[in-house]
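The block underneath contains the structure these notes are about, expressed in structure tokens.
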Amino acid sequence: MAKAFVFSLCLLLVFNGCLAARQSQLSPQNQCQLNQLQAREPDNRIQAEAGQIETWNFNQEDFQCAGVAASRITIQRNGLHLPSYSNAPQLIYIVQGRGVLGAVFSGCPETFEESQQSQEQEQEQERQQQQQQQQGEQGRQQGQQEQQQGQQGRPQQQQQFRQLDRHQKTRRIREGDVVAIPAGVAYWSYNDGDQELVAVNLFHVSSDHNQLDQNPRKFYLAGNPENEFNQQGQSQPRQQGQQPFGRPGQQEQQGNGNNVFSGFNTQLLAQALNVNEETARNLQGQNDNRNQIIRVRGNLDFVQPPRGRQEREHEERQQEQLQQERQQQGGQPMVNGLEETFCSLRLKENIGNPERADIFSPRAGRISTLNSHNLPILRSLRLSAERGFFYRNGIYSPHWNVNAHSVVYVIRGNARVQVVNENGDAILDQEVQQGQLFIVPQNHGVIQQAGNQGFEYFAFKTEDNAFINTLAGRTSFLRALPDEVLANAYQISREQARQLKYNRQETIALSSSQQRRAIV
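Here is the structure:
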């Protein structure tokens, strides 16, 4: 009897523990009792040597409900955003400019390397230059020979070093690109364009890939970075000279920076990397006042394929071939091709090209979508995206997000936005402006109408194949109902029900009645 009692007690404790764990997992969903939403600009700014990083307060109720955090990164010309990784999957949209992005997948080979032919060409060019110098200054031949010997030794050493310059794939990025970065994958970016490179980052902190808490964390691998979300309840960065762990006598043995290397013992780090302690201290960011974004001295020279018109045309042909292959497979995404191997994951897709639009109305605007069918890595990250461009007074059909939250960033222009909850209350009724961000929770009704300046936006979706249900237009909820159901539900005549169903022949991008009257 006692054994049965003990067994029942243990079973009860296990059940209560599982129930508590389940409730803790569902706690973010229980935070979605929202009475008011607001379009916001960033709350915090970190000024760097060659740019700035701005973040939104992720402790706000709408961010907590969606389980996301967001930042905006501006990199000046010739600026390098130092390598870092995050505890959550990231989706990055390039708002402006162009540059290079590198993502490091541990264990994958370095597929970008200099060829022997290019090295021989460089050596031949140097030999020709030396011969020209010798012919032009025969009077000082002996002195020149000594100088040339010193010059020849240095290039040979540099060439031997460059011959070993192998690294993982780098990717060209430009305005309109969407880049997916898995949790724990380090990446860096460099602005080699002629204007500022601006990107908006979404951190999906409620993802299953994040095994920590729902605070966004950036782990930098270089520099002396500041905490990007510090004002929002994160720990203060360690000050220069502060003892790392409080153990006596270790202040001189460990770095005093804020990157990952700085926490290791300097001697131990030097042994692990097989370098001297001075190099180890440089990795730790000691005596380095630069933070996340640094300015490159000269030009950042690394192995990358040349890019021109032919390459762009080749990429476009590749995209067309991919689309044809997907259609031949009945619209199913490819899961066994080269792009699905771990080391060659396709991380980016451009949705800024007007020709790529999935929905287009010549009087309202266009919408482009990106999901796991277009970019298979999104299936793992459980994220998708949408980019919209609406003309003046154009309307995005009233709708609700069926299976995802929507985090909307205003790229340009302005719009009136209304969001309605389950009680029929407008918890957001605001004119949103360029640079602001707002959240539309799952299943909440939303309508958007572009202002006089038009309306361009980018929306992050917290599901890899997000979709909506519309309340107006040819494919709407109203169009699918029988006339009699509409007449009885809304206390209108059958004729009015027919007008309600068939007055709109557009689908999602709707022209306003003012535009239609002006055209007539």
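Numbered by mature numbering (1 follows the signal peptide of the UniProt record, and there is no 0), the letters in the sequence shown go through residues -20 to -1, 1 to 500 in order.
All residues carry an ideal CB built from backbone N, CA and C; glycine is no exception.
All values reported here derive from a predicted model rather than from experimental measurement.
{"query": "Cβ-based neighbour list, Asn354, same chain, cut-off 7 Å, excluding 5 preceding and 5 following", "result": "Glu329"}
{"query": "Ala1 (DSSP reduced to helix, strand or coil)", "result": "Because the pLDDT of Ala1 is 42, which lies under 50, any placement of that residue in the model is unreliable, and the question is left without a value."}
{"query": "Endpoints, the alpha helix (DSSP H) within which Gln251 is located", "result": "246 to 253"}
{"query": "Test item: CB-CB of Tyr73 and Val158 under 8 Å", "result": "yes"}
{"query": "Simplified DSSP assignment, three categories, for Val80", "result": "strand"}
{"query": "Selected residue, minimal CA-CA separation from Gly434, among His424, Tyr371, Gly415", "result": "Tyr371"}
{"query": "CA-to-CA distance, Ala489 to Gly345, given in whole angstroms", "result": "6 Å"}
{"query": "Contact check, Phe199 vs Val240, beta carbons under 8 Å", "result": "yes"}
{"query": "Pair within 8 Å by beta-carbon distance, Gly87 and Gly59", "result": "no"}
{"query": "Classification of Ala252 by the beta-carbon crowding that lies within 10 angstroms, buried from 16 upward", "result": "exposed"}
{"query": "Gly243, DSSP secondary structure in three states", "result": "helix"}
{"query": "Limits of the unbroken alpha helix (DSSP H) element including Lys481", "result": "474 to 482"}
{"query": "Alpha carbon of Ile339 to alpha carbon of Ile347, nearest angstrom", "result": "5 Å"}
{"query": "Per DSSP, cross-strand counterpart(s) of Glu436", "result": "Phe369, Arg392"}
{"query": "Segment contact, 8 Å Cβ cut-off, at least three pairs: the region 395 to 403 with the region 413 to 432", "result": "yes"}
{"query": "C-alpha gap between Asn39 and Leu408, whole angstroms", "result": "18 Å"}
{"query": "Contacts around Glu41, its chain only, beta-carbon distance under 7 Å, and the 5 residues preceding and following it disregarded", "result": "Gln11, Leu14"}
{"query": "Secondary structure of Ile55, DSSP reduced to three states", "result": "strand"}
{"query": "Reduced DSSP category for Arg25 - H, G, I as helix; E, B as strand; rest coil", "result": "strand"}
{"query": "Pro69 versus Arg459: straight-line alpha-carbon distance, rounded", "result": "38 Å"}
{"query": "Cβ-based neighbour list, Tyr389, same chain, cut-off 6 Å, excluding 5 preceding and 5 following", "result": "Val180, Leu417, Phe438"}
{"query": "Endpoints, alpha helix (DSSP H) assigned at Ser468", "result": "For the sequence presented, residue 468 should be read as Asn rather than Ser. Element bounds for Asn468: 463 to 470."}
{"query": "Same chain only: Cβ atoms within 6 Å of Ser456, ignoring 5 sequence neighbours per side", "result": "Thr450"}
{"query": "Beta-carbon proximity of Glu29 to Arg277, cut-off 8 Å", "result": "no"}
{"query": "Spatially closest choice to Ile274 from Gly203, Val387, Ala166, by CA coordinates", "result": "Gly203"}
{"query": "Residue from Ser386, Asp463, Asn432, Gly404 with nearest C-alpha to Ala19", "result": "Ser386"}
{"query": "Endpoints, the beta strand (DSSP E) within which Ala157 is located", "result": "Before going further, note that residue 157 is Asp rather than Ala in the sequence given. Unbroken beta strand (DSSP E) run through Asp157: 157 to 161."}
{"query": "Burial state of Leu318, where buried means 16 or more other Cβ atoms lie within 10 Å", "result": "Because the pLDDT at Leu318 is just 41, under 50, the model does not fix this residue reliably, and the point stays unresolved."}
{"query": "N- and C-terminal bounds of the beta strand (DSSP E) containing Arg152", "result": "150 to 154"}
{"query": "Phe43 - DSSP class collapsed to helix/strand/coil", "result": "helix"}
{"query": "Sub-8 Å separation of Asn24 and Ala163 beta-carbons", "result": "no"}
{"query": "Three-state class that DSSP yields for Ser169 in the structure shown", "result": "strand"}
{"query": "With 16 other Cβ atoms within 10 Å as the buried cut-off, status of Asp281", "result": "exposed"}
{"query": "Member of Arg152, Lys481, Thr246, Ser473 whose CA lies at the smallest distance from the CA of Ala452", "result": "Lys481"}
{"query": "Reduced DSSP secondary structure (H/G/I, E/B, other) of Gln312", "result": "Low confidence applies to Gln312: its pLDDT is 49, below 50, so where it sits in the model is not reliable, and the reading given next is rough at best. If DSSP states are grouped into helix, strand and coil, Gln312 belongs with coil."}
{"query": "Buried/exposed call for Arg2, threshold 16 Cβ in 10 Å", "result": "The predicted model places Arg2 with a pLDDT of 38, which falls under 50 and marks its position as unreliable, so this point remains unresolved."}
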